[in-house]
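What follows is a short report on a single structure.
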Amino acid sequence: MQNNLKQLEKMLAPMKMVFSNCIRRTLVTTAKAAPTAKQMTCREALNSAMDDEMERDSRVFLMGEEVAQYDGAYKVSRGLWKKYGDKRVIDTPITEMGFSGVAIGAAMAGLRPILEFMTFNFSMQAIDQASLRCCTLSTIRAIHLQTGRTKCNNVTTPVYAEYPRNIPIGKLNNKPQIVDPFITNCLDELNDMLKDGNQKHAPALNRKDKVEAARMIVIRRRKMKKHKLRKLRRKMKFEWAKVRQRREMRKEKAFQATLITQIKEAEVFNASKFVEEKLQKANETPLQRYWKGRRLPAFIIKEKFGLK
Numbered sequence: 001m002q003n004n005l006k007q008l009e010k011m012l013a014p015m016k017m018v019f020s021n022c023i024r025r026t027l028v029t030t031a032k033a034a035p036t037a038k039q040m041t042c043r044e045a046l047n048s049a050m051d052d053e054m055e056r057d058s059r060v061f062l063m064g065e066e067v068a069q070y071d072g073a074y075k076v077s078r079g080l081w082k083k084y085g086d087k088r089v090i091d092t093p094i095t096e097m098g099f100s101g102v103a104i105g106a107a108m109a110g111l112r113p114i115l116e117f118m119t120f121n122f123s124m125q126a127i128d129q130a131s132l133r134c135c136t137l138s139t140i141r142a143i144h145l146q147t148g149r150t151k152c153n154n155v156t157t158p159v160y161a162e163y164p165r166n167i168p169i170g171k172l173n174n175k176p177q178i179v180d181p182f183i184t185n186c187l188d189e190l191n192d193m194l195k196d197g198n199q200k201h202a203p204a205l206n207r208k209d210k211v212e213a214a215r216m217i218v219i220r221r222r223k224m225k226k227h228k229l230r231k232l233r234r235k236m237k238f239e240w241a242k243v244r245q246r247r248e249m250r251k252e253k254a255f256q257a258t259l260i261t262q263i264k265e266a267e268v269f270n271a272s273k274f275v276e277e278k279l280q281k282a283n284e285t286p287l288q289r290y291w292k293g294r295r296l297p298a299f300i301i302k303e304k305f306g307l308k
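Residue numbers (UniProt numbering): 1 to 308.
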């Protein structure tokens, strides 16, 4: 038995397969290596395996929702944040599509990310990032837009996706869904559409479709006209506000100029000289108090004398 195990280890060595310490202990049958069998829960086994790999390889890191200080939704990452810090155990926002794309990019760059969903129901948010089929992400297609053209590069990224495949027992509202059939059907439809894309042609239009299209165009033009009128009203309202502001500024400046002129005249005013000028003018110029047998009004006489 021991010889067979040694031969098996020699065969598996070139393949560089990663085994956790708990799995290695199950392969050994000697009393020295495994004196007692250790029982552990699924979360403890996952935690131990992640701890071993993060300690062995500095490229391995864990990311997910509440995996750091909170130790994960199911306490799978308990103690890892305190041991490895924020750079190796990363809390992500509640956006599965976002941090799934980050994990895929990190794997393409040579890192080894471990991604944890709170529940696999949320993986539907990240279905655009990779092809979840047969539990593996075999091929990820990165699309680069360059000079108006679409260029596709096929990058093989080794990723393993583990999710429930059995019928859940217990509280069904707290169990994750089984997503194999839905994802497989979606991917099959997408593959068929892409393969048959060159053979698709637009259907012929009949008179009813043309009438409906013309009606939609008329409705669209009316909406655009109303939208432009609203924009014009807002713009003109702003323009008229600026015109009123300029008008008020001109009135204010004219009033200030009048006040300044009056103040300057008051500074050089001499009362005695003013009285002498008025008396001299009254004595030199005879004022007509009557016109065609009628006495002139008092305000005209005062105006002639320079009185107010």
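Beta carbons: idealized from backbone N, C-alpha and C, even for Gly. All values derive from a computational prediction rather than experimental measurement.
Taking the DSSP output, what are the residues bridged to residue 290? 295
- [ ] In the DSSP assignment, find the alpha helix (DSSP H) that holds residue 209 and state where it starts and stops.
- [x] 207-267
Exercise for review: On the DSSP bridge assignment, give the partners of residue 112 in chain order.
Suggested key: 60
Requested in this report: Would you list, in sequence order, the uninterrupted beta strand (DSSP E) runs of no fewer than 3 residues that lie entirely inside the segment 39-92?
Outcome: 60-64 and 89-91
Please classify residue 97: does DSSP put it in a helix, a strand, or coil? helix
* Asked: Measuring CA to CA, which of 115, 107 and 100 is closest to residue 77?
  -> 115
Keeping to the same chain, check which residues put their C-beta closer than 6 Å to that of residue 96; ignore five residues upstream and five downstream.
122, 125 and 126
- Taking Cβ to Cβ, would you say residue 62 is nearer than 8 Å to residue 88? With a cutoff of 8 Å on beta-carbon distance, residue 62 and residue 88 are scored as near each other.
For residue 117, three-class secondary structure by DSSP:
Secondary structure of residue 117 (DSSP, three-state): coil.
Exercise for review: Using the Cα positions of residue 300 and residue 283, report the straight-line distance between them to the nearest angstrom.
Suggested key: 17 Å
message: Let's test the definition: count the other Cβ atoms within 10 Å of the Cβ of residue 240 and tell me whether it reaches 16, buried, or not, exposed.
response: exposed
8 Å Cβ cutoff, residue 99 in contact with chain E
Note that chain E does not occur in the displayed structure, where there is just one protein chain.
*Local Cβ density within 10 Å of residue 84, reported as buried at 16 or more and exposed below that*: buried
Q) Between the C-alpha atoms of residue 290 and residue 296, what's the straight-line distance to the nearest angstrom? A) 5 Å
Exercise. Out of curiosity, what's the CA-to-CA distance linking residue 46 and residue 101?
Worked result: Spanning the two alpha carbons is a distance of roughly 23 Å.
| How long is the line joining the alpha carbons of residue 380 and residue 252, rounded to whole angstroms? | This structure does not reach residue 380, given that the chain is present from 1 up to 308, and the question cannot be answered.
*So, using beta-carbon positions, are residue 314 and residue 91 closer together than 8 Å?*
The structure shown has nothing for residue 314, since the chain only spans 1 to 308.
*For residue 118, collect the residues of the same chain with a Cβ closer than 6 Å to its Cβ; drop the 5 residues on either side in sequence, then sort them by chain order.*
Spatial neighbours of residue 118 in its own chain (CB-CB distance under 6 Å, excluding positions within 5 residues in sequence) are listed in chain order as 65 and 73.
| For residue 274 and residue 236, the rounded distance between their alpha carbons | The alpha-carbon atoms of residue 236 and residue 274 are separated by roughly 54 Å.
Original post:
Roughly how many angstroms lie between the CA atoms of residue 255 and residue 261, to the nearest whole one?
Top reply: 10 Å
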